[in-house]
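Enquirer:
Number of protein chains: 2
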Amino acid sequence: MTVNLPLPQKADLKPVKGFEMGIAEAGIKKANRKDLLVMTLAPGTQVAGVFTLNRFCAAPVQICREHLVQEGSNGEIRALVVNTGNANAGTGESGMKHALETCAALARELKINPEQILPFSTGVILEPLPIEKIISALPKAVSNLGEDNWLDAAQAIMTTDTQPKATSMTVSTPAGPVVITGICKGAGMIHPNMATMLGFIASDAGFAPGLLSKLTREIADLSFNAITIDGDTSTNDSFIIIATGQSAVQIQSVTDPSYAVVRDALIALARKLAQMIVRDGEGATKFITIEVLGGKTAEECRLVAKAVAHSPLVKTAFFASDPNLGRILAAIGYAGISDLDVSHVQMWLGDVWVAKDGGRNPSYQEADGQRVMQAQEITVKIDLGRGNATQTMWTCDLSHEYVSINADYRS
Amino acid sequence: MTVNLPLPQKADLKPVKGFEMGIAEAGIKKANRKDLLVMTLAPGTQVAGVFTLNRFCAAPVQICREHLVQEGSNGEIRALVVNTGNANAGTGESGMKHALETCAALARELKINPEQILPFSTGVILEPLPIEKIISALPKAVSNLGEDNWLDAAQAIMTTDTQPKATSMTVSTPAGPVVITGICKGAGMIHPNMATMLGFIASDAGFAPGLLSKLTREIADLSFNAITIDGDTSTNDSFIIIATGQSAVQIQSVTDPSYAVVRDALIALARKLAQMIVRDGEGATKFITIEVLGGKTAEECRLVAKAVAHSPLVKTAFFASDPNLGRILAAIGYAGISDLDVSHVQMWLGDVWVAKDGGRNPSYQEADGQRVMQAQEITVKIDLGRGNATQTMWTCDLSHEYVSINADYRS
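First to last, the sequence lines map onto chains A and B. Adding 1 to a residue's 1-based position in the first sequence gives its number in my numbering. Adding 1 to a residue's 1-based position in the second sequence gives its number in my numbering.
1. I'd like to know if Thr-317/B contacts chain A, where contact means its C-beta is closer than 8 Å to some C-beta of that chain.
2. Buried or exposed: which applies to Pro-61/B, given that a residue is buried once 16 or more other Cβ atoms fall within 10 Å of its Cβ?
3. Of all Cβ atoms in chain B, is any one closer than 8 Å to the Cβ of Trp-127/A?
4. By the criterion of Cβ-Cβ separation under 7 Å, what are the contact partners of Val-279/A in chain B?
5. Could you pull out every residue in the same chain whose Cβ sits closer than 8 Å to the Cβ of Lys-18/B, ignoring the five residues on either side in sequence?
6. For chain B, check one thing: does any of its Cβ atoms lie closer than 8 Å to the Cβ of Val-343/A?
7. Would Phe-240/B pass as an interface residue toward chain A - the criterion being a Cβ-Cβ separation below 8 Å?
8. Under three-state DSSP, which class holds Pro-61/A?
9. Of the residues that make up the region 78-108 of chain B, which ones have a beta carbon closer than 8 Å to any beta carbon in chain A?
10. Quick one: give me the first and last residue of the alpha helix (DSSP H) that Phe-320/B is part of.
11. Counting Cβ pairs closer than 8 Å, one from the region 153-164 of chain B and one from the region 398-407 of chain A, do we hit at least three?
12. Go ahead and label Val-70/B buried or exposed: buried means 16 or more other beta carbons lie within 10 angstroms of its beta carbon, across all protein chains shown.
13. Can you check whether the C-beta of Asn-33/A is within less than 8 Å of a C-beta belonging to chain B?
14. Report yes or no: do the region 167-178 of chain A and the region 211-225 of chain A share at least 3 C-beta pairs separated by less than 8 Å?
15. For a contact meaning CB atoms closer than 7 Å, what does Ile-289/B contact in chain A?
16. What are the partner residues of Asn-84/A, as DSSP defines its beta bridges?
17. Compute the Euclidean distance between the alpha carbons of Glu-292/A and Gly-93/A, then round it to the nearest angstrom.
18. Look up Leu-294/A in the DSSP assignment and give the residues it is bridged to.
19. Quick one: what does DSSP say Ile-29/A is sitting in, helix, strand or coil?
20. In or out: Pro-193/A buried (at least 16 other Cβ within 10 Å) or exposed?
21. So who's on the other strand from Phe-52/A, going by DSSP bridges?
22. Give the range of the alpha helix (DSSP H) segment to which Ala-138/B is assigned.
23. For Gln-392/A, is the classification buried or exposed, using 16 other Cβ atoms within 10 angstroms of its Cβ as the cut-off for buried?
24. Would you identify the three-state DSSP class for Pro-97/A, choosing helix, strand or coil?
25. Residues of chain E with a CB under 9 Å from the CB of Gly-360/B: which are they?
26. List the residues of chain A that Arg-328/B touches, going by C-beta distances under 7 Å, in chain order.
27. List the residues of chain A whose Cβ lies closer than 7 Å to the Cβ of Phe-57/B, in chain order.
28. What is the rounded straight-line gap between the Cα of Ala-12/A and the Cα of Lys-98/A?
29. Compute the beta-carbon to beta-carbon distance between Gly-207/B and Phe-225/B, rounded to the nearest angstrom, for a pair I have assumed lies under 8 Å.
30. How big is the Cα-Cα spacing for Lys-112/B and Ile-243/B?
31. Can you name, in chain order, every residue of its own chain whose Cβ lies under 6 Å from the Cβ of Thr-171/B, other than the five neighbours on each side?
32. Would you say Ser-214/A faces chain B, with C-beta separation under 8 Å as the test?
33. Would the beta-carbon of Ala-209/B fall within 8 Å of that of Leu-38/B?
34. Closer than 6 Å by C-beta to Ile-419/B: which residues in its own chain qualify, once you throw out the five before and the five after it? Chain order, please.
35. What is the rounded straight-line gap between the Cα of Arg-372/B and the Cα of Asp-398/B?
36. Whole angstroms are fine: how far does the CA of Leu-294/A sit from the CA of Phe-319/A?
Shown next as structure tokens:
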């Protein structure tokens, strides 16, 4: 089940000029399933990415990093290729060979250089990539290329997702309108830095060289790096922003009047996508926002938000709609702020002031906590009472269904 | 259910001279349940303890720390008191007041000073301690005092434990025999530093002042700080070693020939108790040992062991007996060793070499992994290939039952 996550409608997903997608059924893990996606970018497109910090990062992640380093020199990125059903991680040298062969085969098909391609894989770790199946399905994906395939693309990158995740917007800037459309996937092994997630956002805005990379990192921290489902950091996480520059909006610097508008729109869209992952979190029945304020630094707020969002005891209490709120205090206490004076800590559950000055608020009534816990969307607000920094994270509850999904994933 | 955890037998739990226990039914949370334990120590007994690092540590933990600081001066510890059903944590100033009142009432009963008492509470957080019930039940616990009440004591400290945890041994030293008996409790909110656990070990050995404190910390790191069930660090964890000195064995220094014998016995007994907590882990169906070797430091080995032991994805795969071993590699990769060269990493599941030089071992057969996964006790061995340090941790799987227990705990 999902938490307030409507199905995306094809008509709502606006084409981005200069960006095409084509899908195929390669039969990588299961037959009759869209599992291969090719994306092509018009010449002059800027691409920036943020990748998993996992040391066992997948072969395609390593190749993405290498190919993106060449960005700005002779090797501009012209295509992306994604397979599901296999992560090509923990696959050693043959994994690297397979990922490079995928790039080479697509390069021949598109008549570009292999270094102009970013490969992505997602699925089971530690199993060899069925490279033949991918190579033989690439021509079909290429022949399917079109600007209007966003919904198919969103479907083609799904793994344990129960539904495709996509959203789109048009934003007005002083220089004219900009279209932004994005897709993502992910439902488990989701944690900051980053998740078993793939996210692709395309826009027809143009950016001066270098501008997009910094912005992509900033957006990742405010969106995909602020969600957690189970605390596992995947080997394959990748978040890519593509700017085709095919609109009238050409952003030269951060002081450009259009910059703030496009930046805010990209943040909003990325957050919406990231929250879709939580809403479709494995076994999720609740969508939970953890707001931490009053910290000395954003980093310590993040530690607290993460400890609360990550606690299996907190998450099972949310699943049970049980205001067992001492578990949240316990998580705050072990989050890692060694000089935290708990007598300055306040906590609210929704609009209910639960913990006052580190103890139970004398006016707190269990019935009020119970009322808030019944909701599908719940906000926990924690004031550390020691500064002005803030951080927000999003997570879901931990249900029986999470265990079922992950105990049965490969069967 | 438990994993290979036989019920302790009263006849096996040897009395420790100078150490008495008395229990009562105070009705703290539920009626007709042993929920109050008083322990008394003969004059001259040495006591040392290790406590939770949680900043929201419970009122009794704060008082234990204060009273133990006085150890060695005029205020020798003469009694301990434990209640279950309520953690007296997140209870602010009234929580401190209640814990002190408990000490004062027991002090009157035993005709000692309140500062000679260590109080312990375990149970639900953020609810006021029903102090009247405790005070009125104390005389009954005191009248029940005896050296042969170990099994009753083990029962009286249980919360979500499905069975009492106790073990005992006699060890021969050059100076004569030493009796060591211990009890513990804990099944959830279990994590290094420390767990929702209480552990009490008593011995009739004697120690020179100062010797026991250092030893207690060392033993904690090798036992209760090396287990994890759900990664939550509780507000109340306490581990206490009591040395009554009523035997002929009086240890003056670490070079005393009896020291190593008693130390090793205490480590073995504490590990056995700690492993009992994992074997009774909430919803546990498997007992899993994570051995990490080849690290540069014990600390980095601990990071890796903890990441693997802590991963919900790894734990659900164990529950399903599914050799989805890529999840273990992923956990190694995100454990926090930023310069880990995965091409030197080896992994074994039981006797099966699964990952070789960072990739799938070419000779690994899924059927072999499947065979090992069927067992109730499984060892994962990870060689980081970068040094000589090692670390072992113990954990259990993550099952449907874990969610049920924690979703229903208060109802």
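From the three backbone atoms N, C-alpha and C, an ideal C-beta is built for every residue, glycine too.
Expert: Judging by the given coordinates:
1. For this step, residue 317/B is matched to residue 316 along the second sequence. For Thr-317/B, the answer is yes, since a Cβ of chain A falls inside 8 Å of its Cβ.
2. As a working note, residue 61/B is residue 60 in the second sequence. By the neighbour-count rule (16 or more Cβ atoms within 10 Å), Pro-61/B is buried.
3. For this step, residue 127/A is matched to residue 126 along the first sequence. Note that residue 127/A is Leu in the sequence shown, not Trp. Taking Cβ atoms only, chain B reaches closer than 8 Å to Leu-127/A, which makes this a yes.
4. On the first sequence, position 278 is the one that residue 279/A refers to. What Val-279/A touches in chain B: nothing, since even the nearest Cβ is about 15 Å away.
5. Taking the second sequence and counting its residues from 1, one reaches residue 18/B at position 17. Within the same chain, Lys-18/B has close Cβ partners Ala-43, Glu-148, Val-180, Asp-205, Thr-245, Gln-247, Ser-248.
6. Walking along the first sequence from the start, residue 343/A turns up at place 342. Yes, Val-343/A lies at the interface with chain B (some Cβ there is under 8 Å from its Cβ).
7. Within the second sequence, residue 240/B is the residue found at index 239, counting from 1. No, because no Cβ of chain A sits closer than 8 Å to the Cβ of Phe-240/B.
8. Along the first sequence, one-based indexing puts residue 61/A at 60. Helix.
9. Ala-88, Ala-90, Gly-91, Thr-92, Gly-93, Glu-94, Ser-95, Gly-96
10. Taking the second sequence and counting its residues from 1, one reaches residue 320/B at position 319. Run containing Phe-320/B: 313-320, per the alpha helix (DSSP H) assignment.
11. no
12. For this step, residue 70/B is matched to residue 69 along the second sequence. Val-70/B should be labelled exposed.
13. Here the question's residue 33/A lines up with position 32 in the first sequence. No, its Cβ sits nowhere closer than 8 Å to a Cβ of chain B.
14. no
15. Position 288 of the second sequence, counted from the start, is the residue given in the question as residue 289/B. Correct list: empty, because the minimum Cβ distance to chain A is about 15 Å.
16. Counting from one through the first sequence, the residue named residue 84/A turns up at place 83. BP columns for Asn-84/A point to Leu-37/A, Ser-122/A.
17. Indexing the first sequence from 1 puts residue 292/A at position 291. Indexing the first sequence from 1 puts residue 93/A at position 92. Their backbone Cα atoms lie some 40 Å apart in a straight line.
18. Position 293 of the first sequence, counted from the start, is the residue given in the question as residue 294/A. Beta-bridge pairing links Leu-294/A to Asp-384/A.
19. The residue labelled residue 29/A in the question sits at position 28 within the first sequence. It is coil, neither helix nor strand.
20. Position 192 of the first sequence, counted from the first residue, corresponds to residue 193/A. Because the pLDDT of Pro-193/A is 45, which lies under 50, any placement of that residue in the model is unreliable, and the number read from its coordinates should be weighed accordingly. That one is buried.
21. Taking the first sequence and counting its residues from 1, the one referred to as residue 52/A is at position 51. Beta-bridge pairing links Phe-52/A to Ser-239/A.
22. Within the second sequence, numbered from 1, the residue matching residue 138/B stands at position 137. Looking at the DSSP string, the run of the alpha helix (DSSP H) that includes Ala-138/B is 132-144.
23. Counting from one through the first sequence, the residue named residue 392/A turns up at place 391. Buried, because 16 or more other Cβ atoms sit within 10 Å of the Cβ of Gln-392/A.
24. The count along the first sequence starts at 1 and reaches residue 97/A at position 96. Note that residue 97/A corresponds to Met in the displayed sequence, not to Pro. Met-97/A falls in the helix class under three-state DSSP.
25. Of the chains in the structure shown, none is chain E; the protein chains are A and B.
26. Here residue 328/B refers to the residue found at position 327 of the second sequence. Those are Ile-126, listed as they occur along chain A.
27. Translated into the one-based positions of the second sequence, residue 57/B becomes position 56. By Cβ distance, chain A contributes Leu-330, Ala-331, Ile-333, Gly-334, Val-343.
28. Within the first sequence, the letter at position 11 stands for residue 12/A. Within the first sequence, the letter at position 97 stands for residue 98/A. Each residue's alpha carbon lies about 39 Å from the other.
29. Reading the second sequence from its first residue, position 206 is the one you call residue 207/B. Reading the second sequence from its first residue, position 224 is the one you call residue 225/B. The pair is not a contact, with the Cβ atoms about 24 Å apart (cut-off 8 Å).
30. The count along the second sequence starts at 1 and reaches residue 112/B at position 111. The count along the second sequence starts at 1 and reaches residue 243/B at position 242. Taking the straight line joining both Cα atoms gives about 20 Å.
31. By one-based count along the second sequence, residue 171/B stands at place 170. Taken in chain order, the residues that qualify are Pro-178, Val-180.
32. To locate residue 214/A, count along the first sequence from 1; it is residue 213. Taking Cβ atoms only, chain B never reaches closer than 8 Å to Ser-214/A, which makes this a no.
33. To locate residue 209/B, count along the second sequence from 1; it is residue 208. To locate residue 38/B, count along the second sequence from 1; it is residue 37. Contact: no.
34. Because chain B is modelled from 2 through 412, residue 419/B falls outside the range shown and cannot be assessed.
35. Position 371 of the second sequence, counted from the start, is the residue given in the question as residue 372/B. Position 397 of the second sequence, counted from the start, is the residue given in the question as residue 398/B. Taking the straight line from one Cα to the other gives about 17 Å.
36. The residue you call residue 319/A lines up with position 318 of the first sequence. The residue you call residue 294/A lines up with position 293 of the first sequence. One C-alpha to the other measures close to 21 Å.
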